[in-house]
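Residue numbers (the numbering used here), protein chains in the order written: chain A, 1 to 85; chain B, 86 to 511.
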Amino acid sequence: MNRDAKSNSFFITVNGQQVLAKEGMSVAAAILSARQISRKSISGEPRAPLCGMGICMECCATVNGEQHKRTCQLLCADGMEIEAQ
Amino acid sequence: MSERFDVIVVGAGPGGMAAAVLAAEAGKNVCLLDENPAPGGQIWRGYERESEALSPHRMEFLRWRRRLSATGCAVWNEARVLAAPQRNMLRVERQSQCIDLSYGKLILATGARERFLPFPGWTLPGVVGAGGLQSFLKSGLDVRGQRVVLAGSGPLLLAVAASLTRAGAHVLLIAEQASRHTLVHLGLHLAKLLPGKLMEGATCRWQTRKTPYRQDAWVVRAEGRERLERVTVRVSGKEEQMECDWLACAYHLVPNLELPLLLGCAVENGAVVVDEQQRSSVEDVLCIGELTGVGGLDKALVEGQIAGNHAAGRTTQAYELVPELRKHRQFVHLLEEAFALRAELRSLAMPETIVCRCEDVTREKLEACDSWRAAKLHTRCGMGSCQGRICGAATEFLYGWDAHSARPPVMPARVSSLAGEEERGS
């Protein structure tokens, strides 16, 4: 429903903000391109994806209600909802 | 649930793909598994997508990809190894299911990660790895018109600068901590040993010729409210401030040793010890690519082919590649020498600078500890979700601690997978 057939792009939601994502884009790349954060650290610092290779866990966010998803190893899908955790 | 394969390859980067192809072409029943959505590893990330341009690198990927598809090799994406419950068996999480895979030969090709060193502001959003930014770029991040400072150490900096420039970013500076002298020395050796590598470096430099490439240079701090706004770089003894959108900073690479360590493979100087057939100290376990010493794509392809042939019993073919292998192993040592970290980097982190990002442990708290173990017990350093993968390499450099350890689950796993493990064990 959100799909733009010509450009293979669609909308996802990152921390309440609508973000245009392309097919094949990782969720971490979408978070960074929207200048959003993926989590708050235990002392409350904002954090965003760091390593891009599934190592650092800084990109772990809540995706469609499921916590601790490593977003750098996850592809965007139409209508996906991402919340910082 | 359980399955059996003659050969299992863990890690579908270039080395893992080559190993799987060679073993499968020799008629072995092979499974190639990887955590990512598609094969290719970090260097060939995103090449599976049809929208990618047909660069020489992608052509090479497509050649291996075609060979892989032509064999009956099982390719499991989004699969993670959790444990090794018994000899010649791996426990794998795949599509939310836990599967025990037994094998005749195991080839580990888990690659390397970037070494991050703490400095003030390194936890700000907008500060990423060098290979990290390249990975995000390959995963769809648009960097057109954005200002990037690249810093740290290693040949990856130039390669990343070239990719970013081609993608339309403004790379303001490449700050390499190694001295100009050691890089000249490296160049002279490469001209004799592997001239192709020198050409690759020269090509990257040509593509980034508008960007200053400074040696004896490193980032002192990053600043910004909520997000990166500017960095301070020390270049030849003088501090300079630069406004930028991204700071991509990492200090060369370190092998991902968790799985080899879990299996008991001997490790020396931060790499798995293997012979010229890629055999580790553990029977039936071979290790290839960055695991045996950081040497890049070509080394991984050679070692992958050797291991694949060896695992399939084609030892003659495996030995034919040994002369090539020796050159690449020399290359590993040349890189280690050239990009050895300077002592000044140890004093970048301030007492209040966070060292362990998962548990927000500051340097101040670590100063009171005398070992990795003490730090874990008293400060929770390395006890968070990355299990010390980032701060381990940092504290190794800062304090000389030995942070290598691995216990199952090797990666954070679903509770159901762990529960499955207990059921079977009882």
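All C-beta atoms, glycine included, are put in the ideal place defined by N, C-alpha and C.
All figures in this text were calculated on a predicted structure; none of them were measured in a lab.
So, under 8 Å CB-CB, B:Q363 and B:I373 are touching, yes? Tell me the CB distance rounded to an integer number of Å.
Yes, B:Q363 and B:I373 are in contact; Cβ-Cβ is about 5 Å, under 8 Å.
Using only the alpha-carbon positions, how far apart do B:A396 and A:G54 sit?
Answer to the nearest angstrom: the Cα atoms are 28 Å apart.
Using the Cβ count rule (16 or more neighbours within 10 Å means buried), how would you classify B:E353?
With fewer than 16 other Cβ atoms within 10 Å, it is exposed.
Residues in the segment 35 to 61 of chain A with C-beta within 8 Å of chain B's C-beta atoms, listed in sequence order?
Here the close residues are R35, I37, S41, I42, S43, E45, P46, R47, A48, P49, L50, C51, G52, M53, G54, I55, C56, M57, E58 and C60.
Taking 9 Å as the cut-off, decide whether the C-beta atoms of B:V370 and B:L186 are in contact.
No, the Cβ-Cβ distance between B:V370 and B:L186 is not below 9 Å.
Out of B:L420, B:A123 and B:R448, which one is the CA nearest neighbour of B:L273?
Considering only alpha carbons, the answer is B:L420.
With a threshold of 9 Å between beta-carbons, can B:E379 be considered close to chain A, or not?
As written in the sequence, residue 379 of chain B is Val, which differs from the Glu given in the question. Closer than 9 Å: no.
List, in chain order, every chain A residue whose beta-carbon is nearer than 7 Å to that of B:I192.
Result: empty, since nearest Cβ-Cβ is about 20 Å, beyond 7 Å.
Going straight from the alpha carbon of B:A123 to that of B:A428, what length do you get?
The alpha-carbon atoms of B:A123 and B:A428 are separated by roughly 39 Å.
Taking 9 Å as the threshold (beta carbon to beta carbon), is A:Q67 in contact with chain B?
No, A:Q67 lies away from the interface with chain B (no Cβ there is under 9 Å from its Cβ).
What residues from chain A crowd round B:C443, counting only those whose CB sits closer than 7 Å?
Neighbours of B:C443 on chain A, chain order: M57.
Examine chain B for any beta-carbon lying closer than 9 Å to the beta-carbon of A:L75, and answer yes or no.
Yes, A:L75 counts as interfacial toward chain B.
State the DSSP-derived secondary structure class of B:M102, mapped to helix, strand or coil.
Helix, per DSSP.
Per DSSP, what kind of secondary structure is B:E507 in: helix, strand or coil?
Its pLDDT being 48, under 50, B:E507 is placed unreliably in this model, and the value from its coordinates should be taken loosely. Correct three-state label for B:E507: helix.
Would you say A:M25 reaches chain B, if we count a Cβ-Cβ gap shorter than 9 Å as a contact?
Yes, its Cβ sits closer than 9 Å to a Cβ of chain B.
Between B:V228 and B:G253, how many whole angstroms is the CB-CB distance? I'm expecting something under 8 Å.
Right, the Cβ-Cβ distance comes to about 7 Å (below 8 Å), so this counts as a contact.
Would you kindly check if the distance between the Cβ of B:P494 and the Cβ of B:S502 is under 9 Å?
Going by C-beta atoms, B:S502 is nearer than 9 Å to B:P494.
So, does the CB of A:N64 fall closer than 9 Å to a CB anywhere in chain B?
Judged by the 9 Å Cβ criterion, A:N64 is not in contact with chain B.
On the three-state DSSP scale, how would you describe B:Y484?
B:Y484 falls in the helix class under three-state DSSP.
Going along the segment 478 to 509 of chain B in order, which residues come within less than 9 Å of chain A, judged by CB to CB distance?
So the list reads M496 and P497, given in the order they occur along the chain.
Any contact of the segment 456 to 471 of chain B with the segment 482 to 493 of chain B, i.e. 3+ C-beta pairs under 8 Å?
Yes, since at least three Cβ pairs between the segment 456 to 471 of chain B and the segment 482 to 493 of chain B fall closer than 8 Å, the two stretches touch.
Let me check understanding here. Comparing Cα to Cα, which of B:T293, B:V95 and B:R448 lies closest to B:E178?
Considering only alpha carbons, the answer is B:V95.
Exposed or buried, which one is B:N121 when buried takes at least 16 other CB atoms within 10 Å?
It is buried - the Cβ of B:N121 has at least 16 other Cβ atoms within 10 Å.
Please state the DSSP three-state secondary structure of B:E422.
If DSSP states are grouped into helix, strand and coil, B:E422 belongs with the helices.
So with CB distances below 8 Å, who are the chain B contacts of A:S9?
Per Cβ cutoff of 8 Å: no residues; A:S9 is ~10 Å from chain B at best.
Thinking just about the alpha-carbon of each residue, which of B:D119, B:C476 and B:A425 is nearest to the one in B:S238?
Per the Cα distances, B:A425.
On the three-state DSSP scale, how would you describe B:T250?
Note: B:T250 maps to helix in three-state DSSP.
From the beta carbon of B:G214, is the nearest beta carbon of chain A less than 9 Å away?
B:G214 counts as touching chain A.
Can you tell me whether B:F416 is helix, strand or coil according to DSSP?
In this structure, B:F416 counts as helix in the three-state DSSP scheme.
Pick helix, strand or coil for B:L186, following the three-state DSSP scheme.
Of the three classes helix, strand and coil, the one that applies to B:L186 here is strand, per DSSP.
Note down, in chain order, every chain A residue with its Cβ under 9 Å from the Cβ of B:Q127.
Chain A residues near B:Q127: G52 and M53.
Can you look up B:R290 in the DSSP assignment and give me helix, strand or coil?
Correct three-state label for B:R290: helix.
Residues of chain A with CB closer than 7 Å to the CB of B:E199, please, in chain order.
Per Cβ cutoff of 7 Å: C51.
Return no unless some Cβ of chain A is closer than 9 Å to the Cβ of B:S466.
The question names Ser, yet the displayed sequence has Cys at residue 466 of chain B. So, not an interface residue.
Output, in chain order, the set of chain B residues within a Cβ distance shorter than 9 Å of A:A84.
Neighbours of A:A84 on chain B: none; closest Cβ ~11 Å, over 9 Å.
Please state whether DSSP places A:F10 in a helix, a strand or coil.
A:F10: strand per DSSP, three-state reduction.
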